[in-house]
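Per my numbering, residue 2 is the first one in the sequence shown, and the count goes up by one each step.
All C-beta atoms in this analysis are idealised placements derived from N, C-alpha and C, irrespective of residue type, glycine included.
As the structure is a prediction and not an experimental result, all values here were calculated from the model.
The next block holds one structure in the form of structure tokens; read it before the comments.
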Amino acid sequence: MAELLGGIALAAFVFAALLWSIYRAVVTEGRMRVVAILLSLTTLFGMATLSWLWVVPAQITGAALIVLGLMAIWTDPGWSKLLPFVQAIFGVVLIVGLPWLVA
Numbered sequence: 002m003a004e005l006l007g008g009i010a011l012a013a014f015v016f017a018a019l020l021w022s023i024y025r026a027v028v029t030e031g032r033m034r035v036v037a038i039l040l041s042l043t044t045l046f047g048m049a050t051l052s053w054l055w056v057v058p059a060q061i062t063g064a065a066l067i068v069l070g071l072m073a074i075w076t077d078p079g080w081s082k083l084l085p086f087v088q089a090i091f092g093v094v095l096i097v098g099l100p101w102l103v104a
């Protein structure tokens, strides 16, 4: 039961972070826009690897999520650094393989 609730909480945070990245891609410009677009696409692909149970592509996507999440934290001048951090944590989850260890 705890695994299910943890998965639901992680999914809710990742979805909110995805929506925030899409919003940042629309309203910002320059390097932050590029990072937000790449972070959005990588998050979508990370979610897809979970659905398709692709272990190795998920780990590669996880590494990209960590890098892009940290880049988004670094390049964002505002207060909104929590949701890219959530995406970096999602990258760690994909690399460690927590979704596959539970199943």
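Measure the beta-carbon distance from residue i to residue j and round it to whole angstroms, keeping in mind my assumption that it falls under 8 Å.
i          : j          : result
residue 47 : residue 91 : 6 Å
residue 96 : residue 85 : 17 Å between Cβ atoms; not a contact.
residue 93 : residue 18 : That pair is no contact at about 14 Å.
residue 41 : residue 23 : 5 Å
residue 36 : residue 72 : 5 Å
Taking the C-alpha atoms as reference points, what is the distance between residue i and residue j?
i           : j          : result
residue 26  : residue 50 : 23 Å
residue 29  : residue 59 : 28 Å
residue 9   : residue 31 : 34 Å
residue 168 : residue 89 : One cannot answer for residue 168 here, as it falls past the ends of the chain, which runs 2 to 104.
residue 6   : residue 61 : 26 Å
residue 33  : residue 82 : 12 Å
residue 38  : residue 56 : 24 Å
Just to confirm, does residue i get its C-beta within under 7 Å of one of the non-hydrogen atoms of the ligand MN?
i          : result
residue 43 : Inclusion of the ligand MN in the displayed structure is not the case, the ligand content being empty and no account of it being possible.
Checklist entry - At what residue ranges does the region 8–84 contain a whole run of the alpha helix (DSSP H), taking only runs of 4 or more? => result 32–53 and 56–76
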